Structure formats: structure tokens, C-alpha cells
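For reference, the structure is listed below as C-alpha cells.
In the numbering used here, the protein residues as written are 8 to 103.
Here it is in C-alpha cells:
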């Protein structure tokens, strides 16, 4: 009987955590590429943006400000973090 109760409690806590675990906070990082043919070299924005729209607007503004509208491009990365082993930023999603 106690085993069944513990099993039910464990199962409920797992499902509750999976389905109602809360929303993760989104942070968007701007990656601006001065040369759109060489996306290995980028200027990374030091600021995290709360929405993709803000990241996109700021990225386009920086490209315009630097005179890179025709030669450069950008991407916005969602929830990016630096991976020590691979020495690169890893993002959940990239958008343009």
C-alpha cells in the first residue's frame, strides 16, 4: 500500500514537473556579421534582448549605423551560452 502511494506521488510529481514546470525566460543575443559570406567572424552584441523583435531591430540598426546593410547580415540566438569544450556559443534557436 505504501509502495503504491509512493509510486503515485512520484509519478504525479514527474508529470507535474514536465507539463507545468514553468516557462523559461527567453534571452536573445545579436550576432552581427560584417561580411555575410564569412559567418565565422561576427561582432557579438554584449546586450541580451528580451524578445526576438527587439534583437532584430537593434541588429538592423547596428548594420545601418556601421554602413553594412548591403555587405553584412545578422542572426539572433535564443538562450545562448558559451560551451567551454567546443569554444563556441550554443543557442537553442537561431533566427533572422
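The beta carbon of each residue, even a glycine, is placed where N, CA and C say it ideally should be.
On a predicted model such as this, the values are computed, not experimentally measured, just so you know.
Sheet register partners of residue 49 (DSSP bridge): DSSP, once it has assigned bridges, lists no residue as partnering residue 49.
Segment limits, beta strand (DSSP E) that includes residue 82: 80 to 85 is the span of the beta strand (DSSP E), which, as asked, contains residue 82.
N- and C-terminal bounds of the beta strand (DSSP E) containing residue 36: 35 to 40 is the span of the beta strand (DSSP E), which, as asked, contains residue 36.
Neighbour-count burial assignment, residue 77, 16 or more Cβ in a 10 Å radius: That one is exposed.
Rounded C-alpha distance that separates residue 10 from residue 88: For residue 10, the predicted model reports a pLDDT of 47, less than 50, meaning its position is unreliable; a value from the coordinates is still stated below. Looking at the two C-alpha atoms, the distance is approximately 41 Å.
Chain-order list of residues whose beta-carbon lies under 7 Å from that of residue 75 (same chain, five-residue window excluded): The residues 41, in chain order, have a CB closer than 7 Å to that of residue 75 in the same chain once the five nearest residues on each side in sequence are set aside.
Residue 51 versus residue 98 - alpha carbon distance: Spanning the alpha carbons of residue 51 and residue 98 requires a straight line of approximately 13 Å.
Assigned secondary structure, residue 72 (DSSP; H/G/I helix, E/B strand, else coil): If DSSP states are grouped into helix, strand and coil, residue 72 belongs with the helices.
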